[in-house]
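Accompanying notes for the structure given below.
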Amino acid sequence: MRISQRRGAAAVAASLTLGAVLAACSSGGSGETDAGTTDGGATAGGGEASCTNTIPKPDATEVSVWAWYPAFEPVVDLFNETHDDVQICWTNAGQGADEYNKFSTAIEAGSGAPDVIMLESEILPTYTILDSLADLSEFGAGELESEFTTGSWSDVSSGEAVHAVPVDGGPMGMLYRADIFDEYGVEPPTTWDEFAQAAQDLRDAGYEGYITNYPTNGNALNYALFAQNGWEPFEYDPANPTEIGIDVANPEAEEVLSYWNELIEADLVATDDAFTSDYNTSLVDGTYAVYLAAAWGPGYLQGLSDADSDAEWKAAPLPQWDPANPVQVNWGGSTFAVTQQAQDKEAAYTVASELFRSMESWEIGIDEAALFPQWNEALESDFFVEKEYPFFGGQQINQDVFLEAANGYEGFSFSPFQVYAYDQQTQALYDMVESGGDAASTLQTIQDALVSYAQQQGFTVN
Amino acid sequence: MTTSSTAVDRAAGSAASGQRSTRSRRSSSTSTIDSKRQWWGWIFTAPFTVVFVLFLIVPLAYAFWMSLHNKGLATGGESVFVGVDNYVRAFTDPVFLEGLLRVAKFVAVMVPIQIGLALLCALVLDTLATRLSKASRLLIFVPYAVPAVIGALMWGFLYSPRFGPAQDIFGLFGLTAPDFLSSSMIFTSLVNIVTWQWVGYYMIIIYAALRTIDPSVYEAARIDGAGGAQIALRIKVPMVSSSMVMVVIFSLIGTLQFFTEPTVLRSVAQGAIPPDYTPNMYAYSLAFSYSQFNYASTIAFALGIFVFIGSYIFLYLTRKQSGLK
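As they're listed, the protein sequences go chains A and B. Using the working numbering, the first residue of the first sequence is number 1232, and each one after it goes up by one. Using the working numbering, the first residue of the second sequence is number 7, and each one after it goes up by one.
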């Protein structure tokens, strides 16, 4: 009797430990962080690092870099060949959120971060508020301002402080299927009014697809579409980190969201999740006639399989709300930042600022990685401006569309909790599409969630 | 008189002391053996103990310590001791409570289906002794051998409105397939994946228990006039009840910790599966997406408390069947 009782207690205890362990697995206990340390810590120490590239000059200072650019290895090799005192040890730590999760864990652990890290500009405030990025102005980054586009520089700097060096950008344009528009006798739209009309005309003419897709999880895309109508959701200055202004639910955003909601309710626009295999196929098989894209979009399209062999792609400027006052917006774009954990910040800055600041590296970046430079010299080079894209039937898409879009972009202020903001937006937009809600209450839901989150995190919300 | 009494006293005293000394000698000798045994015991368990302490107790203690502190985004990097504040917040956090309610619904639906199917398969396979039964035993078990992530990815494709076969199959009967990844269907879709994955495993456990039953019991039952169904329900099921309890406990804990399948499926259904769909997913996104490691630890511990309570209640209710009493 006693024994069996004890066994009972043991079973209960076992079930408790099992439960607690499994629950704790995801709690970011030391197990996870340890794994992170061995990953990046070794490279930061410069010891027996496991780099993706080979280092030709092992005696030089070694700087570890996390980045996920396509065709990045030749760029790293080029840097290492042309530098004698600094060498790069490059690792691909995952794309976007995967890399950010590792970086956040390394910050919490206090070790394990690389010296230089590729970050999208929208995520920079998330890390500046954690004080995990070095201020590059002390190494003379301020002098680089004139070398980069206005918008990209505004995204990486606040006042005198420079948090990262811009690399590429995502000025937006409209990629469309010229063959589909021709077949159904519809003119490609230049304004959003024409766009809605074209959606209806295509349908009336017998086109079975959708003019485009409005992905409820299209985080930065949806931000850009709102921003085009003058939406400024956040007022946030890293120099004054405890205050934030949140103005998500305003008439500008409501106009844009109502516009899309009407098209969705009329079944003229699809609402597939972006970056799923369904979406990828629909992009290239003629299900969508238009791809509202950033400058990296053409590269993305070319990488997709199952493409319609008759497809005839063309690039045009993004439709406008007010054609008299065109507004250019940006979707994506990345930078190189130096982390606070970097041992030799000066060497790290050399890497961050010089990796993509030569025509040789940009020729690789433009040709092989389909990046859109924010470095003026590459941006204005004939090589880039006059480049003909076979995918677009030889169209000079940079000159025709994206350069103007890039020059018109003035920067955008993101929140220091951008991942949370995106998650809330995805949820609210999805609910709107699923249950037929209206734009105003959807935006108000996001607004309320963000305000209470910000207050909970100790911000003064203005 | 006095002398004799003292002598007696002394004698008694010496006898007592003699007794005491023998007893103490004996007890000291047993304790040496005991401590030697303990010493060896420790040595034998040392490899396990080290790993156990280092990778279980220490992280758990650290996570608990973290759950008692807090660090606001805006208030700088200093973590402040807040006592049980985080727990108060967790148990009043609608997101966490909603997630708990959701996994409770999964338990209510998924556990009976899984166990029922597993039991049914085991009973049928136990009765049959053909080659076909061996093959089907393997086939039912195979999904468990597929890694959970791969399984969920595969189902993601099967559910896909464009690539999945559902549209074709429903089309044969002139119907349109439901969107398995929509918010109204996602619950059912997830139940299906988990059931597919785990039924084989539970079936094997129950089947193994069934094989240990002495066949003469069935013979006796048959002589007493019991039919196949009666043997199954009145003899086999009660005799494997302790295995059943174990299987239910596995299933219960696994479901309360629900994480892998919804996380993988989220990549194709971000709207239908929010990042805080289950408490475990909530803890994950709090820690790694929102950098709220302290509150994430709290959620993990709060979930642990619920799992403990749930398992304890179940074990208490089934103490007779499980043989734990």
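Backbone N, C-alpha and C fix where the C-beta goes; we use that ideal spot for every residue, glycine too. Please read all numbers here as calculations on a predicted model, not as lab measurements.
Task: Beta-carbon neighbours of residue 166 of chain B, restricted to chain A and to distances below 9 Å - done: Sequence index remark: in the second sequence, residue 166 of chain B carries index 160 (1-based). The contacting residues are 1507, 1508 and 1509.
Open item on the list: Would you call the segment 1318 to 1335 of chain A in contact with the segment 1618 to 1627 of chain A, where contact means no fewer than 3 C-beta pairs closer than 8 Å?
Closed with: no
Task: Cβ-based burial, residue 315 of chain B [other Cβ within 10 Å; buried from 16] - done: Translated into positions along the second sequence, residue 315 of chain B becomes position 309. By the 10 Å Cβ count, residue 315 of chain B comes out exposed.
TODO: Would you identify the three-state DSSP class for residue 1557 of chain A, choosing helix, strand or coil?
DONE: Counting from one through the first sequence, the residue named residue 1557 of chain A turns up at place 326. Note: residue 1557 of chain A maps to coil in three-state DSSP.
Open item on the list: Please list, in chain order, the residues of the segment 262 to 282 of chain B that have any C-beta partner in chain A closer than 9 Å.
Closed with: 262, 263, 265, 273, 274, 275, 276, 277, 278, 280, 281 and 282
TODO: Measure from the C-beta of residue 1328 of chain A to each C-beta in chain C and report whether the shortest distance is under 9 Å.
DONE: Within the model displayed, chain C is absent; protein chains A and B are what it includes.
Task: Local Cβ density within 10 Å of residue 1448 of chain A, reported as buried at 16 or more and exposed below that - done: To locate residue 1448 of chain A, count along the first sequence from 1; it is residue 217. Buried, because 16 or more other Cβ atoms sit within 10 Å of the Cβ of residue 1448 of chain A.
- [ ] Establish whether the CB of residue 1289 of chain A and some CB of chain B are separated by less than 9 Å.
- [x] The residue labelled residue 1289 of chain A in the question sits at position 58 within the first sequence. Residue 1289 of chain A does not count as touching chain B.
Task: Residue interval of the beta strand (DSSP E) (run including residue 1406 of chain A) - done: As a first step, residue 1406 of chain A must be located in the first sequence, where it is residue number 175. Element bounds for residue 1406 of chain A: 1396 to 1408.
Task: Nonlocal neighbours in the same chain, by C-beta distance under 8 Å from residue 148 of chain B, ignoring five residues either side - done: Position 142 of the second sequence holds residue 148 of chain B. If we look at residue 148 of chain B and ignore the five residues flanking it on each side, its Cβ neighbours are 206.
Task: Residues of the segment 1627 to 1656 of chain A whose Cβ lies closer than 7 Å to any Cβ of chain B, in chain order - done: 1647, 1648, 1650, 1651 and 1654
Open item on the list: Along the segment 1304 to 1323 of chain A, where does the CB come closer than 7 Å to a CB of chain B? Name the residues.
Closed with: none
Open item on the list: Pull the bridge partners of residue 1618 of chain A from the DSSP assignment, please.
Closed with: Residue numbering aside, residue 1618 of chain A sits at position 387 when the first sequence is read from its first letter. DSSP lists no partner for residue 1618 of chain A.
Task: Proximity of residue 1289 of chain A and residue 1603 of chain A at Cβ, strictly below 9 Å - done: By 1-based counting over the first sequence, the position of residue 1289 of chain A is 58. By 1-based counting over the first sequence, the position of residue 1603 of chain A is 372. In this structure, residue 1603 of chain A does not lie closer than 9 Å to residue 1289 of chain A by Cβ.
Task: CB contact below 9 Å: residue 1554 of chain A versus chain B - done: Position 323 of the first sequence, counted from the first residue, corresponds to residue 1554 of chain A. Not one chain B Cβ lies under 9 Å of residue 1554 of chain A.
Open item on the list: I'd like the span of the beta strand (DSSP E) that includes residue 204 of chain B, first residue to last.
Closed with: Translated into the one-based positions of the second sequence, residue 204 of chain B becomes position 198. Unbroken run through residue 204 of chain B is the alpha helix (DSSP H), 192 to 217; no beta strand (DSSP E).
Task: Proximity winner among B:54, B:92 and B:204, relative to residue 158 of chain B (alpha-carbon distances) - done: By one-based count along the second sequence, residue 158 of chain B stands at place 152. Checked all of B:54, B:92 and B:204; the closest Cα to residue 158 of chain B is B:204.
Open item on the list: Is there a Cβ of chain B sitting closer than 9 Å to that of residue 1268 of chain A, yes or no?
Closed with: On the first sequence, residue 1268 of chain A is found 37 positions in, with the first residue counted as 1. Note on residue 1268 of chain A: pLDDT 34, under 50, position unreliable in the model; the coordinate value appears next. Chain B contact via Cβ: absent.
Task: Residues of its chain near residue 1304 of chain A, where Cβ-Cβ distance is below 8 Å and the 5 sequence neighbours each way are ignored - done: The count along the first sequence starts at 1 and reaches residue 1304 of chain A at position 73. So the list reads 1283, 1284 and 1321, once near-sequence residues are dropped.
Open item on the list: Can you pull the chain B neighbours of residue 1689 of chain A, defined as C-beta to C-beta under 7 Å?
Closed with: To locate residue 1689 of chain A, count along the first sequence from 1; it is residue 458. Those are 78, 79, 80 and 81, listed as they occur along chain B.
Open item on the list: For residue 1383 of chain A, tell me which candidate among A:1317, A:1662, A:1679 and A:1642 has the shortest Cα-Cα distance.
Closed with: Locating residue 1383 of chain A in the first sequence gives position 152, counting from the first residue. Per the Cα distances, A:1642.
Task: Under 8 Å (Cβ pairs) to chain A, residues found in the segment 204 to 225 of chain B - done: none
- [ ] Starting from residue 1527 of chain A, trace the alpha helix (DSSP H) both ways and give me its first and last residue.
- [x] Along the first sequence, one-based indexing puts residue 1527 of chain A at 296. That residue, residue 1527 of chain A, is in no alpha helix (DSSP H); it is neither H nor E in DSSP.
- [ ] Note down, in chain order, each residue of its chain lying with its Cβ closer than 8 Å to the Cβ of residue 277 of chain B, except the 5 sequence neighbours on either side.
- [x] On the second sequence, residue 277 of chain B is found 271 positions in, with the first residue counted as 1. Only 189 meet the Cβ criterion.
Task: Integer Cβ distance of residue 1433 of chain A from residue 1415 of chain A, believed to fall under 8 Å - done: Counting from one through the first sequence, the residue named residue 1433 of chain A turns up at place 202. Counting from one through the first sequence, the residue named residue 1415 of chain A turns up at place 184. Sure, about 5 Å apart at Cβ, within 8 Å.
Task: Three-way DSSP call (helix, strand, coil) for residue 74 of chain B in this model - done: Position 68 of the second sequence, counting from 1, holds the residue named residue 74 of chain B. Residue state, collapsed to three classes: coil.
- [ ] Sort out for me which residues DSSP pairs residue 1443 of chain A with in a bridge.
- [x] Indexing the first sequence from 1 puts residue 1443 of chain A at position 212. A:1500.
Open item on the list: Closer than 8 Å is the cut-off here; do at least three beta carbon pairs connect the segment 280 to 295 of chain B with the segment 224 to 233 of chain B?
Closed with: no
- [ ] State yes or no: is the beta carbon of residue 1617 of chain A nearer than 9 Å to at least one beta carbon in chain B?
- [x] Position 386 of the first sequence, counting from 1, holds the residue named residue 1617 of chain A. Output row for residue 1617 of chain A: interface = no.
TODO: Name the one or two DSSP bridge partners that residue 1388 of chain A has.
DONE: Within the first sequence, residue 1388 of chain A is the residue found at index 157, counting from 1. For residue 1388 of chain A, which the question treats as bridged, DSSP gives the partners A:1393.
Open item on the list: Between the alpha carbons of residue 1607 of chain A and residue 1524 of chain A, how many angstroms are there, rounded?
Closed with: Here residue 1607 of chain A corresponds to residue number 376 of the first sequence, with the count starting at 1. Here residue 1524 of chain A corresponds to residue number 293 of the first sequence, with the count starting at 1. Taking the straight line joining both Cα atoms gives about 22 Å.
Open item on the list: Checking 9 Å against the spacing of the C-beta atoms, do residue 1505 of chain A and residue 1549 of chain A come in under that value?
Closed with: Taking the first sequence and counting its residues from 1, the one referred to as residue 1505 of chain A is at position 274. Taking the first sequence and counting its residues from 1, the one referred to as residue 1549 of chain A is at position 318. Taking 9 Å as the Cβ cut-off, residue 1505 of chain A and residue 1549 of chain A do not qualify as a contacting pair.
Open item on the list: Less than 9 Å between the C-beta atoms of residue 264 of chain B and residue 286 of chain B, yes or no?
Closed with: As a first step, residue 264 of chain B is located in the second sequence; it is residue number 258 there, counting from the start. As a first step, residue 286 of chain B is located in the second sequence; it is residue number 280 there, counting from the start. A contact, by the Cβ cut-off of 9 Å.
Task: Contact set for residue 302 of chain B: own chain, Cβ-Cβ below 6 Å, skip 5 residues either direction - done: Residue numbering aside, residue 302 of chain B sits at position 296 when the second sequence is read from its first letter. Only 289, 292 and 293 meet the Cβ criterion.
Task: Residue from B:215, B:258 and B:260 with nearest C-alpha to residue 247 of chain B - done: To locate residue 247 of chain B, count along the second sequence from 1; it is residue 241. Nearest of B:215, B:258 and B:260 to residue 247 of chain B, Cα basis: B:215.
TODO: Express the C-alpha separation of residue 1656 of chain A and residue 1479 of chain A in angstroms, rounding to a whole number.
DONE: As a first step, residue 1479 of chain A must be located in the first sequence, where it is residue number 248. As a first step, residue 1656 of chain A must be located in the first sequence, where it is residue number 425. Distance between the alpha carbons of residue 1479 of chain A and residue 1656 of chain A: 10 Å.
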